[in-house]
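As structure tokens, the structure follows; a few thoughts come after it.
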């Protein structure tokens, strides 16, 4: 990877042969675990201005109709998160000469509060070509990281690093975008479950005055997420009647049946709903184009043909992008020899990727399966992974929060989500803490677990996978970004960080995590104490900057009117611990939560305790189930009161 200094440039064609589509990633970390930024893209002509407001892509306009630009969203990294943009450079209009890649913060925040600002650019097979680290941010609320530009018919990248104190609106205005932040925004109507022909018949033809109306100017204020309507009243005589499903699960008896059915169901829906298929493949370097999917395809390999579970093929401008798919359900593990064979087949046939799809969650620096590609193969094949939890998350985000334009597509996604969430499908996500879980718990109980024990490291990795899955499920329900916070020293690689966490587990018997929920004050902290068998969920709220402590206490108790009575409330003071009690005792006298001295109050910590499950698997008493329930209960009954 070529590292660029500020102002330097690089020709993409000189770095890779696969630059028809590229993915730009913007990375940053927050020392406090709070605050975030949002990416934006502007397509400019030779005058340095957008051709129209439609050339401005940001959170309210994330995808270009021609597929040339797509904001892919945030993904967690070892110490923060990465926001990514996919570009199909073959689809960029000829009159566009520059593509500006920027990011912005909101609500008075600026980039000087973030650390490790960095841009990376990867080619179509996922190989990182260019890196650019920004160190001089200052109090700027918007920042241009870099730009792609044409020179003599070829694409180049320039590291810019220019800040804007006027925020996203000011940055966009400078490039010719007509911003209207004062306009009222209408919430999108939920899609009704009706046939496509009926939906079309209900849409009246536009009147001449409406057809001539100028398009609305883009708003830099974020759109509000609306929840779907309550389900319609059932016409069944009683609860014993079961609704007919498009994807039945009652006949699934073996793991092979589950894998074949799950693969066919998912790939068929991906091909029928472009925005859903694009969500799952864009991050793998697939172009935006016509998608077709296949199952049980026989491919030659030595004396015995191999049959991958599925094949995804995308056509764009006469070019084909192909990925082989290997699927596992019910917690079955991938086999290295099998994946290796598919990688070799893909390399020989010029395919771009092999995608594994299992209940497991992949971690940075901890691959699910070790695969070595034959170095004699010139074609680079990307090995990528999806979890069933990620698939369900993307379907849930579309049908419950962002919506789709076609009623039939909405119904298909609902059927897919019902199938994935059914206990017979085998697509339940991460559901087993592994073979090391029971020995580690026993070692903590009898104080025989020593630092350096490899089983502790296995438990830490399983814990991190569980936390990432909890984030996906909670984010899908809320319609907000939920990301794990990784607090570690700058430059610490994920493997070294997990070793430190394993040593801490051996020393104090605790597993800890923090979740950052978009739009929520503070960070949700989760602690599993394996010695006491209890889970603690908590959040710290900073004290207001104005008013009196007694007013703060009364206001907090009023906001927690619907919270559980056993909620622990602890007052945070400078230089030590403050009073603590339960919400039940504080409701009659909120003043009891204040220190008797004049020690300044810095905030409040709210906590709930829960007995955690003891088993490692997916039984009713499992640890995984209890963690998921604890986080969801705390958000629903406590955090939601503070929003």
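Numbering (my numbering), first residue to last: 1139 to 1781. Quick reminder that beta carbons are idealized off the backbone N, C-alpha and C, glycines included. In this text, all values refer to a predicted model and were calculated from it rather than measured experimentally.
Rounded Cβ spacing between residue 1388 and residue 1562 (contact assumed at less than 8 Å): 7 Å
N-terminal and C-terminal residue of the alpha helix (DSSP H) that residue 1577 is part of: 1575–1583
Buried or exposed (CB count within 10 angstroms, at least 16 for buried), residue 1350: Confidence at residue 1350 is low in this model, with a pLDDT of 45, below 50, so its placement is unreliable and the value that follows should be read with caution. When all chains shown are included, residue 1350 counts as exposed.
Cross-strand partners of residue 1493 (DSSP beta bridge): 1463 and 1522
Inter-residue CB distance, residue 1271 and residue 1393 (contact presumed, cutoff 8 Å): Rounded, the Cβ-Cβ distance is 46 Å, inconsistent with contact.
Residue from 1402, 1540, 1193 and 1553 whose Cα sits closest to the Cα of residue 1495: 1402
Inter-stretch contact (C-beta, 8 Å, three-pair minimum) for the segment 1670–1679 and the segment 1732–1751: yes
Continuous alpha helix (DSSP H) stretch holding residue 1395: start and end: 1393–1410
Residue 1776 in three-state terms, based on DSSP: helix
Cβ-based burial, residue 1589 [other Cβ within 10 Å; buried from 16]: exposed
Residue 1322 (DSSP reduced to helix, strand or coil): Any reading at residue 1322 is ruled out, since the residue's pLDDT is 40, under 50, leaving its predicted position unreliable.
Nearest neighbour of residue 1691, chosen from 1144, 1731 and 1452 [CA to CA]: 1731
Inter-residue spacing [alpha-carbon to alpha-carbon] between residue 1458 and residue 1438: 20 Å
Per-residue DSSP class, three states only, for residue 1335: Unreliable placement is indicated for residue 1335, whose pLDDT of 35 sits below 50; no coordinate value is reported for it.
Neighbour-count burial assignment, residue 1131, 16 or more Cβ in a 10 Å radius: It is not possible to answer for residue 1131, since the shown part of the chain is limited to 1139 through 1781.
Entirely enclosed alpha helix (DSSP H) segments - the segment 1660–1705, minimum 4 residues: 1687–1697
Continuous beta strand (DSSP E) stretch holding residue 1500: start and end: That residue, residue 1500, is in no beta strand (DSSP E); it is neither H nor E in DSSP.
Identity of the residues DSSP links to residue 1760 by a beta bridge: 1753
Alpha carbon of residue 1671 to alpha carbon of residue 1378, nearest angstrom: 39 Å
CB contact flag (residue 1192, residue 1242, <9 Å): no
Near the ligand MG: residue 1376 beta-carbon under 8 Å from a heavy atom: Of the ligands one can find in the structure shown there are none, so the ligand MG has no counterpart to examine.
Alpha-carbon spacing of residue 1310 relative to residue 1532, whole angstroms: 29 Å
Segment contact, 8 Å Cβ cut-off, at least three pairs: the segment 1574–1586 with the segment 1539–1558: no
Check whether residue 1180 and residue 1237 have beta carbons under 9 Å apart: yes
For residue 1429, the residue or residues it bridges with in DSSP: 1452
Three-state secondary structure (DSSP) of residue 1458: strand
As assigned by DSSP and simplified to three states, the class of residue 1414: helix
Contact set for residue 1221: own chain, Cβ-Cβ below 6 Å, skip 5 residues either direction: 1164, 1177 and 1212
Residue 1159 beta carbon less than 9 Å from that of residue 1261: yes
Burial state of residue 1686 (16 or more Cβ within 10 Å): exposed
Neighbourhood of residue 1779 by C-beta distance below 7 Å, restricted to the same chain and skipping five residues each side: 1697, 1698, 1700 and 1701
Own chain, CB closer than 6 Å to residue 1507, minus 5 neighbours either side, in chain order: 1472, 1474 and 1477
The segment 1635–1643 touching the segment 1604–1615, judged by at least three CB pairs closer than 8 Å: no
Residue 1186 vs residue 1313 beta-carbon contact at 9 Å: yes
Whole beta strand (DSSP E) elements within the segment 1254–1306, 3-residue minimum: 1266–1272, 1280–1289 and 1292–1302
Alpha-carbon to alpha-carbon, residue 1391 and residue 1203: 43 Å
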